[in-house]
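Note sheet for the following structure.
2 protein chains.
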Amino acid sequence: MDEVTAGDGWTREAAALTREWTLADFSAALAFVNRVGALAEEHGHHPDILLHGWNTVRLTLSTHSVGGLTAADERLAVAIDAL
Amino acid sequence: MDEVTAGDGWTREAAALTREWTLADFSAALAFVNRVGALAEEHGHHPDILLHGWNTVRLTLSTHSVGGLTAADERLAVAIDAL
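Chains as they are written, first to last, in numbering that gives the first Met the number 0: chain A, 0 to 82; chain B, 0 to 82.
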């Protein structure tokens, strides 16, 4: 997409995998964040983690070094789904 | 500001306190998130927590029930600063 030039005020976002989970409460959401964090450390690959609205966690997986998705993102997503 | 009507495509964001911390690594950032989480549970008041870019934590404090800032946000901010 190099031929596309966005106007001022736009930021190009890299392709990413994103998914949101709603847990029972803040404590459950924070526990989920910690399980995801442990997996991320195992994988050496770290998602962006947003805990918002008290009990909801949104994960965003992408590979910053390539500006998009790689097999590392797919592997981490599969591992998180297995939690 | 009720007299101001934004055009389509705009979302009004409530007033909030926001601050960002950059830690040594993902593990340190996650530990910080847990300390903030424990404080939030003590206060019965929960910020939005974004762990992004591997080692950076952004907190956003506001009181959803009033759509803006209250003393509860100020108290939690002071407590977090004391961590």
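For each residue, glycine too, the CB sits at the ideal point set by N, CA and C.
Please read all numbers here as calculations on a predicted model, not as lab measurements.
- CA-CA distance, Val35 (chain A) to Pro46 (chain B), rounds to 19 Å.
- Counting only the Cα atoms, Gly66 (chain B) lies some 32 Å from Ser61 (chain A).
- Within chain B, the residues whose beta carbon sits less than 8 Å from that of Leu29 (chain A) are Val32, Asn33, Gly36, listed in sequence order.
- By the criterion of at least three beta-carbon pairs nearer than 8 Å, the segment 11 to 24 of chain A is not in contact with the segment 15 to 32 of chain B.
- With a threshold of 8 Å between beta carbons, Ile79 (chain B) makes no contact with chain A.
- For Val35 (chain A), the three-state secondary structure derived from DSSP is helix.
- Annotation: the continuous beta strand (DSSP E) that includes Glu19 (chain A) extends over 16 to 21.
- With 16 or more neighbouring CB atoms inside 10 Å of its own CB, Asp72 (chain A) falls in the buried class.
- Neighbours of Ala23 (chain A) across chain B, judged by C-beta separation under 7 Å, do not exist; the nearest C-beta is about 14 Å away.
- Between the alpha carbons of His42 (chain B) and Ser64 (chain B) lies a distance of about 16 Å.
- Around the C-beta of Leu58 (chain B), 16 or more other C-beta atoms lie within 10 Å, and the residue is accordingly described as buried.
- If you check each beta-carbon in the segment 45 to 59 of chain A against every beta-carbon of chain B, the ones closer than 7 Å belong to His45, Asp47, Ile48, Leu49, Leu50, His51, Trp53.
- In this structure, Ile79 (chain A) lies away from Leu49 (chain A), with their beta-carbon atoms at least 8 Å apart.
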